[in-house]
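Listed in order, the protein sequences are those of chains A and B. One point on numbering: in the working numbering, the residue at position 81 of the first sequence is 83, and numbering is uninterrupted. One point on numbering: in the working numbering, the residue at position 210 of the second sequence is 213, and numbering is uninterrupted. To start, the structure itself, in structure tokens.
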Amino acid sequence: MPNLRPIRVLVAKPGLDGHDRGAKIIARALRDAGMEVIYTGIRQTPEMIVEAAIQEDVDAILMSILSGAHMALFPRVMELLKHNNVDDILVAAGGILPDEDVPAIKAMGIKGCFGPGTSTEEIIKFVRENIHPERLKTEV
Amino acid sequence: MQNIVQRLLDGDRRALARMITLIENEVPAAHRYLAELHRHAGRAHIIGVTGAPGAGKSTLVTQLVRELRQREHKIGVVAVDPSSPFTGGALLGDRIRMMELAGDPNVFIRSMASRGSSGGLASSTGDVVRAMDAAGFDPIIIETIGTGQAEVEVMHSAHTVLVVYAPGMGDEIQAIKAGILEIADIFVVSKADKPGADQAAAQLSMLLGLDPNRRKGPWRIPILKTSALKTQGIVEVVDAMQQHLTVLKESGMLAQRAQRQARSEVQALILHAVMQALKTRVSEDEWSALVEAITVGERDPYSVAGELLERIRLREE
Ligand SMILES: Nc1nc2c(ncn2[C@@H]2O[C@H](COP(=O)(O)OP(=O)(O)O)[C@@H](O)[C@H]2O)c(=O)[nH]1
Ligand SMILES: [Mg+2]
Numbered sequence: 003m004p005n006l007r008p009i010r011v012l013v014a015k016p017g018l019d020g021h022d023r024g025a026k027i028i029a030r031a032l033r034d035a036g037m038e039v040i041y042t043g044i045r046q047t048p049e050m051i052v053e054a055a056i057q058e059d060v061d062a063i064l065m066s067i068l069s070g071a072h073m074a075l076f077p078r079v080m081e082l083l084k085h086n087n088v089d090d091i092l093v094a095a096g097g098i099l100p101d102e103d104v105p106a107i108k109a110m111g112i113k114g115c116f117g118p119g120t121s122t123e124e125i126i127k128f129v130r131e132n133i134h135p136e137r138l139k140t141e142v
Numbered sequence: 004m005q006n007i008v009q010r011l012l013d014g015d016r017r018a019l020a021r022m023i024t025l026i027e028n029e030v031p032a033a034h035r036y037l038a039e040l041h042r043h044a045g046r047a048h049i050i051g052v053t054g055a056p057g058a059g060k061s062t063l064v065t066q067l068v069r070e071l072r073q074r075e076h077k078i079g080v081v082a083v084d085p086s087s088p089f090t091g092g093a094l095l096g097d098r099i100r101m102m103e104l105a106g107d108p109n110v111f112i113r114s115m116a117s118r119g120s121s122g123g124l125a126s127s128t129g130d131v132v133r134a135m136d137a138a139g140f141d142p143i144i145i146e147t148i149g150t151g152q153a154e155v156e157v158m159h160s161a162h163t164v165l166v167v168y169a170p171g172m173g174d175e176i177q178a179i180k181a182g183i184l185e186i187a188d189i190f191v192v193s194k195a196d197k198p199g200a201d202q203a204a205a206q207l208s209m210l211l212g213l214d215p216n217r218r219k220g221p222w223r224i225p226i227l228k229t230s231a232l233k234t235q236g237i238v239e240v241v242d243a244m245q246q247h248l249t250v251l252k253e254s255g256m257l258a259q260r261a262q263r264q265a266r267s268e269v270q271a272l273i274l275h276a277v278m279q280a281l282k283t284r285v286s287e288d289e290w291s292a293l294v295e296a297i298t299v300g301e302r303d304p305y306s307v308a309g310e311l312l313e314r315i316r317l318r319e320e
């Protein structure tokens, strides 16, 4: 059954903050849910994240950010994806994202926004349900 | 969409990335694509890097890539990590150490989960390497942990195998003796900035001295010390890799190896096809009935196997 393949997710930490406990917890939870998780480590530039997502051909990118630089970094990631003609990767964000920024973040094409209190189950469910349908096809 | 094979050959890295996904997922079209890619592959020097978890493989690979970039190479990296046998999930963290290489279009890094298939891992890794090779990457480095039959099998597809050993890993030297001594072409004692590196190198040297395989034909297996911290020994490792390839070429071992490889690849494909055919043509219920019949003595394994083989053959026509 070749279409029952694991979902591949890139968990990335853009920006300069050095805390990745939250990102690691999410990465492990996704792994335990049967996904293949590529974890990039801290202090990633948007360029690094997008290049990794392309080479790893992931189904989803989850960015976790605490530093408050999201309004600078997220648009750049989305711009680079567009620049590379990538339109089938699900992008979601977690971390400290003020409520007033959420509409703007979603308008960028970032489908999910998860605050610090979000359960890992909720994130897993979101990823499973929002993968681009084209990606789950097994033929090109 | 333009043909994925053509896009890959034209250097489109998204096409390469997608091709690797198709290979990993064993989609039916993958073999057709690989057949087309085959005549564009076969040029790359394939390097295996193996050793215990934490030995410093990914760190070493990152530095090797940096040195190879100085030498104008276009490098592919395949980092294999184990999937959980329980959930099928995997945490592919090797990318962390290699992130500094991201953004360079002449470096293509792919993390692969072993996906629990013991025989399948070696063949899918080989296919991924073939796709990178056809896309013009040379050399291609495969990183796997040095435990488990599947991982050792992966190393058989490499021309040059580096076994990484870190000092202070205690009984790990026993593990090397047990399994991967035979496949090493170059030994790397990593973390040479730490105490015990000289001792580890000496121990390895003794171990190799006892082993008649210390010489592999005209090649003498070197033991090289590296420190990622001090960026030491990397040039020597890259030199040794390239010398090893030269020795393989000049001694005719490379050609022999290619022949062995071609034969075992065809055999593996046939075995795989047979197993697939069995899977699709014999239901789980039928298996249960047959197994039951054998265990109670009504049937025997030989006639059952003969019958099933006959069925696969007839249906194929
Ligand atoms: N001191 C020192 N530490 C190193 C060196 N190379 C790797 N390490 C550390 O060893 C750990 C494991 O390294 P990694 O490359 O991930 O090992 P792998 O599991 O074999 O891929 C990491 O914490 C590295 O920072 C080295 O040359 N010197
Ligand atoms: Mg590693």
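Beta carbons are placed, not taken as given, at the ideal position from N, Cα and C, and that holds for glycine.
The beta carbon of B:I148 is closer than 6 Å to those of P56, E154 in its chain, skipping five residues each way along the sequence. A residue is called buried when at least 16 other Cβ atoms come within 10 angstroms of its Cβ; B:R133 meets this threshold and is buried. Residue state for B:D15 is assigned as coil, using DSSP reduced to three classes.
Of all residues in the region 49 to 69 of chain A, only E49, M50, E53, A54, I56, Q57, E58, D59 come within less than 7 Å of chain B when Cβ atoms are compared, listed by chain position. Relative to ligand 1, B:V167 has its C-beta within less than 8 Å of a heavy atom.
Proximity of the beta carbon of B:K60 to ligand 1 is indicated: a heavy atom of the ligand is located closer than 8 Å.
One finds T90, G92 in chain B with Cβ atoms closer than 7 Å to the Cβ of A:D34, taken in chain order. Taking a beta-carbon distance threshold of 9 Å, A:P8 counts as an interface residue toward chain B. Inclusion of B:V81 and B:L67 in the CB contact set at 9 Å is not warranted, their separation being larger than that value.
When secondary structure is reduced to three states using DSSP, B:I144 falls in the strand class. Rounded to the nearest angstrom, the gap between the Cα atoms of A:P100 and B:V30 is 43 Å. Judged by DSSP secondary structure, B:K282 falls within the alpha helix (DSSP H) whose first and last residues are 256 to 284. Only T24, L25, E27, N28, E29, V30, P31, A32 from the region 24 to 55 of chain B bring a Cβ to less than 8 Å from some Cβ of chain A. Here B:Q279 is exposed: its Cβ has fewer than 16 other Cβ atoms, across all protein chains shown, within 10 Å. Close partners of A:M110 in chain B (Cβ separation under 7 Å) are lacking, with about 21 Å as the shortest Cβ gap. Residue state for A:R10 is assigned as strand, using DSSP reduced to three classes. The way I'd put it, the region 122 to 130 of chain A doesn't touch the region 8 to 23 of chain B; fewer than three beta-carbon pairs between them come closer than 8 Å. From the beta-carbon of B:G96, the residues of chain A found nearer than 7 Å are Y41. Going by DSSP, A:S66 is part of the beta strand (DSSP E) stretching over 62 to 67. Counting along the chain, A:D34 sits inside the alpha helix (DSSP H) bounded by residues 23 to 34. DSSP places B:R223 within a strand segment (E or B) once states are collapsed to three.
In this structure, the straight-line span from the alpha carbon of A:I9 to that of A:V79 is close to 21 Å. Taking A:E136 as the centre and dropping the five residues before and after it, the same chain places the C-beta of D90 closer than 7 Å to its C-beta, in chain order. Look at B:A20 here: in three-state DSSP terms it is helix.
The continuous stretches of beta strand (DSSP E) do not include B:L104, and DSSP gives it neither H nor E.
Taking 9 Å as the cut-off, the beta carbon of B:V8 is found closer than this to the beta carbon of B:E39.
By the beta-carbon neighbour count (other beta carbons within 10 angstroms, threshold 16), B:Y168 is buried. Taking every protein chain shown into account, the CB of B:F190 has 16 or more other CB atoms within 10 angstroms, so this residue is buried.
Taking the CA atoms as reference points, B:K77 sits about 10 Å from B:A138. For B:D242, there is no enclosing beta strand (DSSP E); the enclosing alpha helix (DSSP H) covers residues 237 to 253.
DSSP links B:I112 through a beta bridge to B:V80. A distance below 6 Å between beta-carbons, with the five flanking residues on each side excluded, links A:A25 to the following residues of its chain, in chain order: V13, K15, S66. Within the region 108 to 119 of chain B, the residues whose Cβ lies closer than 7 Å to some Cβ of chain A are F111, I112, R113, S114, A116, listed in chain order. For B:S87, the residues of chain A that pass the 9 Å Cβ criterion are R33, D34, G36, in the order they occur in the chain.
Checking the 8 Å criterion, the Cβ of B:A258 is out of range of every heavy atom belonging to ligand 2.
For B:S230, the Cβ falls inside the 8 Å cut-off from some heavy atom of ligand 1.
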